[in-house]
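Protein chains: 4
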Amino acid sequence: MAADSGSAGDYGTSDMQRNADESIADFASHLRALEETLSPAQEAPPRIPRQARSREKRDEILKAAARLFVRDGYAQTTSDTIAAEAGVSVGTFYNYFRNKRQALLTLVIERLDGIFSNIRLAQMDFSDGHPREVIRRAIGAMLERGNSGLRRAWLEVMAQEPELQPYQQMLRQYVLVRIEDALRKAEARGETWPELDISATALAIFTLLDTISLRTDTGIDDERLADALTDMVYRSTFPQG
Amino acid sequence: MAADSGSAGDYGTSDMQRNADESIADFASHLRALEETLSPAQEAPPRIPRQARSREKRDEILKAAARLFVRDGYAQTTSDTIAAEAGVSVGTFYNYFRNKRQALLTLVIERLDGIFSNIRLAQMDFSDGHPREVIRRAIGAMLERGNSGLRRAWLEVMAQEPELQPYQQMLRQYVLVRIEDALRKAEARGETWPELDISATALAIFTLLDTISLRTDTGIDDERLADALTDMVYRSTFPQG
Amino acid sequence: MAADSGSAGDYGTSDMQRNADESIADFASHLRALEETLSPAQEAPPRIPRQARSREKRDEILKAAARLFVRDGYAQTTSDTIAAEAGVSVGTFYNYFRNKRQALLTLVIERLDGIFSNIRLAQMDFSDGHPREVIRRAIGAMLERGNSGLRRAWLEVMAQEPELQPYQQMLRQYVLVRIEDALRKAEARGETWPELDISATALAIFTLLDTISLRTDTGIDDERLADALTDMVYRSTFPQG
Amino acid sequence: MAADSGSAGDYGTSDMQRNADESIADFASHLRALEETLSPAQEAPPRIPRQARSREKRDEILKAAARLFVRDGYAQTTSDTIAAEAGVSVGTFYNYFRNKRQALLTLVIERLDGIFSNIRLAQMDFSDGHPREVIRRAIGAMLERGNSGLRRAWLEVMAQEPELQPYQQMLRQYVLVRIEDALRKAEARGETWPELDISATALAIFTLLDTISLRTDTGIDDERLADALTDMVYRSTFPQG
DNA sequence: CATGAATGAGAGTTCATTCAT
DNA sequence: CATGAATGAACTCTCATTCAT
Numbered sequence: 006m007a008a009d010s011g012s013a014g015d016y017g018t019s020d021m022q023r024n025a026d027e028s029i030a031d032f033a034s035h036l037r038a039l040e041e042t043l044s045p046a047q048e049a050p051p052r053i054p055r056q057a058r059s060r061e062k063r064d065e066i067l068k069a070a071a072r073l074f075v076r077d078g079y080a081q082t083t084s085d086t087i088a089a090e091a092g093v094s095v096g097t098f099y100n101y102f103r104n105k106r107q108a109l110l111t112l113v114i115e116r117l118d119g120i121f122s123n124i125r126l127a128q129m130d131f132s133d134g135h136p137r138e139v140i141r142r143a144i145g146a147m148l149e150r151g152n153s154g155l156r157r158a159w160l161e162v163m164a165q166e167p168e169l170q171p172y173q174q175m176l177r178q179y180v181l182v183r184i185e186d187a188l189r190k191a192e193a194r195g196e197t198w199p200e201l202d203i204s205a206t207a208l209a210i211f212t213l214l215d216t217i218s219l220r221t222d223t224g225i226d227d228e229r230l231a232d233a234l235t236d237m238v239y240r241s242t243f244p245q246g
Numbered sequence: 006m007a008a009d010s011g012s013a014g015d016y017g018t019s020d021m022q023r024n025a026d027e028s029i030a031d032f033a034s035h036l037r038a039l040e041e042t043l044s045p046a047q048e049a050p051p052r053i054p055r056q057a058r059s060r061e062k063r064d065e066i067l068k069a070a071a072r073l074f075v076r077d078g079y080a081q082t083t084s085d086t087i088a089a090e091a092g093v094s095v096g097t098f099y100n101y102f103r104n105k106r107q108a109l110l111t112l113v114i115e116r117l118d119g120i121f122s123n124i125r126l127a128q129m130d131f132s133d134g135h136p137r138e139v140i141r142r143a144i145g146a147m148l149e150r151g152n153s154g155l156r157r158a159w160l161e162v163m164a165q166e167p168e169l170q171p172y173q174q175m176l177r178q179y180v181l182v183r184i185e186d187a188l189r190k191a192e193a194r195g196e197t198w199p200e201l202d203i204s205a206t207a208l209a210i211f212t213l214l215d216t217i218s219l220r221t222d223t224g225i226d227d228e229r230l231a232d233a234l235t236d237m238v239y240r241s242t243f244p245q246g
Numbered sequence: 006m007a008a009d010s011g012s013a014g015d016y017g018t019s020d021m022q023r024n025a026d027e028s029i030a031d032f033a034s035h036l037r038a039l040e041e042t043l044s045p046a047q048e049a050p051p052r053i054p055r056q057a058r059s060r061e062k063r064d065e066i067l068k069a070a071a072r073l074f075v076r077d078g079y080a081q082t083t084s085d086t087i088a089a090e091a092g093v094s095v096g097t098f099y100n101y102f103r104n105k106r107q108a109l110l111t112l113v114i115e116r117l118d119g120i121f122s123n124i125r126l127a128q129m130d131f132s133d134g135h136p137r138e139v140i141r142r143a144i145g146a147m148l149e150r151g152n153s154g155l156r157r158a159w160l161e162v163m164a165q166e167p168e169l170q171p172y173q174q175m176l177r178q179y180v181l182v183r184i185e186d187a188l189r190k191a192e193a194r195g196e197t198w199p200e201l202d203i204s205a206t207a208l209a210i211f212t213l214l215d216t217i218s219l220r221t222d223t224g225i226d227d228e229r230l231a232d233a234l235t236d237m238v239y240r241s242t243f244p245q246g
Numbered sequence: 006m007a008a009d010s011g012s013a014g015d016y017g018t019s020d021m022q023r024n025a026d027e028s029i030a031d032f033a034s035h036l037r038a039l040e041e042t043l044s045p046a047q048e049a050p051p052r053i054p055r056q057a058r059s060r061e062k063r064d065e066i067l068k069a070a071a072r073l074f075v076r077d078g079y080a081q082t083t084s085d086t087i088a089a090e091a092g093v094s095v096g097t098f099y100n101y102f103r104n105k106r107q108a109l110l111t112l113v114i115e116r117l118d119g120i121f122s123n124i125r126l127a128q129m130d131f132s133d134g135h136p137r138e139v140i141r142r143a144i145g146a147m148l149e150r151g152n153s154g155l156r157r158a159w160l161e162v163m164a165q166e167p168e169l170q171p172y173q174q175m176l177r178q179y180v181l182v183r184i185e186d187a188l189r190k191a192e193a194r195g196e197t198w199p200e201l202d203i204s205a206t207a208l209a210i211f212t213l214l215d216t217i218s219l220r221t222d223t224g225i226d227d228e229r230l231a232d233a234l235t236d237m238v239y240r241s242t243f244p245q246g
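Protein chains in written order, with our numbering: chain A, 6 to 246; chain B, 6 to 246; chain C, 6 to 246; chain D, 6 to 246.
The following block contains the structure:
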């Protein structure tokens, strides 16, 4: 299915490489943007650990929390349980995190790229003439990262705490706007279907991939899935696919 | 369950219809069994009342519960609130429903087709030669049903109670298989893209539409959205769209 | 010590009576004013009891709370303890009161006259020519009411919850202003010491009596104490006492 | 501490003085015993350190504690906060003081005369013929000392721990008895109002001044307040003021 | 002695569910 | 059947105090 190579020569690889590097840098900066977006929701933790052992314990607690949030969901996970799972007392949990919500927020911020793998979509740039590959790469990257469980927990908190919803909106807008941009540029170059409804298509693409990345077991191999999704996005945007 | 019949056949559609209806009925009966399992009959289980006045009261309660589940989510809705919203006492609520969960299950069972509007996708039949219209109609139907709020509540309970998940799987499989079937037939007729990965594509279509129908406000008009989605599904399946 | 009688006639008694009646009416209106002052701090209780038994239970809980607040102080009294003392469960306590603070506020409002016996001072009217008796009566009334324990609890909450302090200030101002008024009128009639510092004296009188009424056991009989206080207030305000 | 001397009886004053000083010393030693009783020596009790650096640190902590007790009250001040305010760790706090209460007790003992400024009242001696000035001076001295905040904290602990109440009684009695003494002597010289109820009047004077010295902001200038209080005490005791 | 992480009893509060009236 | 008061387990979070480093 994948057809890459290209018309021009041998330095294709180094080109790819350069693109990948840039892409990683891009990705990092996108992440930082998202982090900025989220941090206002994050109050200072009660204790900033100074000793090395302390950092480890904090990480233990975070890992324990992550396990439970993923397994049982946010609401079903109690502070007592997290503490027990981490092998510490409740007091200790509250030494490191102001409250349960902050623990989740911390997790989300620290694992942004795993959780919001959809920002990969924000990086798509169709200007180099190989849109199919661009799409394929973004989708592949999205599917391989695995922290969708935490995103489910994040969505759960948001449902309960309306103050957080703006943040979700912002994250979403961030990606959405970038997809629209990429599409609009391709449209300007006359590459897309005529009369393509850019906003609606961007929304559809975003929704599709955002949700698919939350999948647990689809019964379908990730590679095949990525290929099918790529075709879908590609064909629905660029004619003569 | 599957009844395919053949390419021509004027009763194809009504067949499809019957099948979908049957399937919903099946699903409902499973859910009812589940209800029994999850809320084991103790002493006198609340039954559907015969007298008109009682039925009305029960319906009032259900409507109130639905409003609140949709507005605030399942966990955030308390039995007290439901009773208050319905203008009855908590006791009365518990006279009609064994517990909060049963009230939601009842709602889900009674409004199955509104909630699981994705069942409409199971009815797509591309054999009449106008696949784009078929897709458009299914999508239009999905988007216009309004009970996505209750489905969100249903998903919320499921997250908490793993025993329910098989039922979600069941419904999902039902629709998926039907989409695959339709695609396979179209493929047999040589209408689809060559080498189309049927299962993966069906999954993608299902996921996309299933999620989109949960939307609250996308900022995009439903008609436009339906058109864009139709294009997406159509172009990614049938070439030369 | 008391010397009343008067220049004129036999209907002195009925005069007294009328004054007492007026005084009670006055007192009630003062109380209402204080209640108005406090009520903004009071949120609606979670459940307004309708059944008679319910009112009784509410009263039981209030009495139990009062006992414990007086005996152990506000902070040392837990909701569990109150419930236990009242012979109910915690849940029941929270059915009647939104929280511990509201229970105290309710008590305070319902027993305003016992707790803020100092409003008696707000009623003093020296215009009838018998200031000593007026003072004596106010002080006597202050000392005989007994809920100073609850006022101590009230002061305790206020120390902890700055939002309530305005209310204390208002109660205080209410009485203070009225004492000043009475003094100022007497001054206008030339009855007071020349160059009397009205505000400071009012403050001193208020403070003295306010605090004395918080006494538990002074070792001195209430009548004697009232007489001594009367002398003190009278002599420090009106010359040639 | 106040040196008045006067026309009559040259050692009278110094006697009073000695008594007051002794009494304070007594009180202090009682408090120290109390400290022992309340915080029973376990293993190595924190003692007053000898080395200069340690003394300074201890003083820093005490000052920090004082600031916070005054500003926020005893209960609202946590050991963590005290440590932070003093720029040390909690551990260090507990190296110098057995517990929070002991820190307050220590403060009280070390600042007895500032806190219990009402002891000044015990030193009043009307025998030199200028009672008004004597009163004025005592009141002035009371009002100018600023540690009433700590006394409020002390009263707070006492409310929680009944074992401490005898000590409060002790100090109170000491001052009361001395005021009564002074009044009785003046009465013997025929200077007071006839039939003055000495005990009750002493109690009233004590209560008034004791409480007024706890004031925070009365809205009235201290000098004016002192003058008004002086008038009040003077006129209610000595006729023809 | 200094540090600060760890502890855990305990406090306030909520809410699904029961049951006497 | 309707009512709504009663229940208590469960949950989140605080803070005085200890103790290993």
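Just so it is clear, CB atoms sit at the ideal spot from N, CA and C, and this is done for glycine as well.
- If you draw a straight line from the Cα of Arg60(A) to the Cα of Pro50(A), it is about 13 Å long.
- Approximately 14 Å separates the beta-carbon atoms of Thr206(B) and Leu234(B); this is outside 8 Å, ruling out the contact.
- The three-state secondary structure of Ser218(A), taken from DSSP, is coil.
- Of all alpha-carbon atoms in Arg183(B), Phe74(B), Glu138(B) and Arg58(B), the one lying nearest the alpha-carbon of Leu155(B) is that of Phe74(B).
- Gly78(B) reaches chain A at Ala164 and Gln165, counting residues in chain order whose Cβ is nearer than 9 Å.
- Residue state for Phe131(A) is assigned as helix, using DSSP reduced to three classes.
- Considered as a whole, the stretch 66-109 of chain C harbours 84-91 and 95-101 as its complete alpha helix (DSSP H) runs of no fewer than 4 residues, in chain order.
- Asp222(D) does not reach chain C, its nearest Cβ partner there being about 10 Å away, counting only Cβ pairs nearer than 7 Å.
- For Leu160(B), the number of other beta carbons within 10 angstroms of its own is below 16, and it is reported as exposed.
- Taking the C-beta atoms as reference points, Ser204(D) is found no nearer than 8 Å to Ile120(C).
- The beta-carbon of Leu73(A) is placed no less than 8 Å from the nearest beta-carbon of chain B.
- Secondary structure at Glu228(C): helix, using DSSP grouped into helix, strand and coil.
- Relative to Gly92(A), the option among Asp133(A), Glu65(A) and Gly145(A) whose CA is nearest is Glu65(A).
- Across the stretch 215-240 of chain B, CB contacts with chain A closer than 7 Å involve Thr216, Ile217, Thr223, Ile225, Arg229, Leu230, Asp232, Ala233, Leu234, Asp236, Met237 and Arg240, in sequence order along the chain.
- In the DSSP assignment, Gly154(A) falls within the alpha helix (DSSP H) that extends over Ser153 to Gln165.
- Within chain B, no residue has its CB atom less than 8 Å from the CB of Ser122(A), the nearest being about 15 Å off.
- The C-alpha of Gly195(D) lies about 33 Å from the C-alpha of Thr221(C).
- For the stretch 178-191 of chain D, the set of positions with a beta-carbon nearer than 7 Å to some beta-carbon of chain C is empty.
- Here the alpha carbons of Gln47(A) and Glu149(B) stand approximately 38 Å from one another.
- Around the beta carbon of Pro167(C), a 10 Å sphere encloses fewer than 16 other beta carbons of the protein chains shown; the residue is thus reported as exposed.
- Collapsing the DSSP output to three states places Glu168(A) in a helix.
- For Gly119(A), the enclosing alpha helix (DSSP H) stretches over residues Leu117 to Ile120.
- Contacts with chain D at 8 Å (Cβ-Cβ) include Ala205(C).
- The C-beta of Thr83(D) has fewer than 16 other C-beta atoms within 10 Å across all chains shown, which makes the residue exposed.
- When DSSP states are grouped into helix, strand and coil, Asp202(D) belongs to the coil group.
- At a cut-off of 8 Å between C-beta atoms, Leu169(D) does not count as an interface residue with respect to chain C.
- Gly151(C) places its beta carbon 8 Å or farther from that of Ala231(C).
- Taking 8 Å as the threshold, the shortest C-beta distance from Gln81(C) to chain D falls below it.
- Residue environment: Arg63(D) is assigned as buried (16 or more neighbouring CB atoms within 10 Å of its CB, all protein chains considered).
- Secondary structure at Ala57(D): helix, using DSSP grouped into helix, strand and coil.
- For Leu213(D), the residues of chain C that pass the 7 Å Cβ criterion are Ala209, Thr212 and Leu213, in the order they occur in the chain.
- Ala143(C) is classed as buried because its beta carbon has at least 16 other beta carbons within 10 Å across all chains shown.
- Ranked by Cα distance from Ser34(B), the options Gly134(B), Phe98(B), Asp133(B) and Tyr172(B) are led by Tyr172(B).
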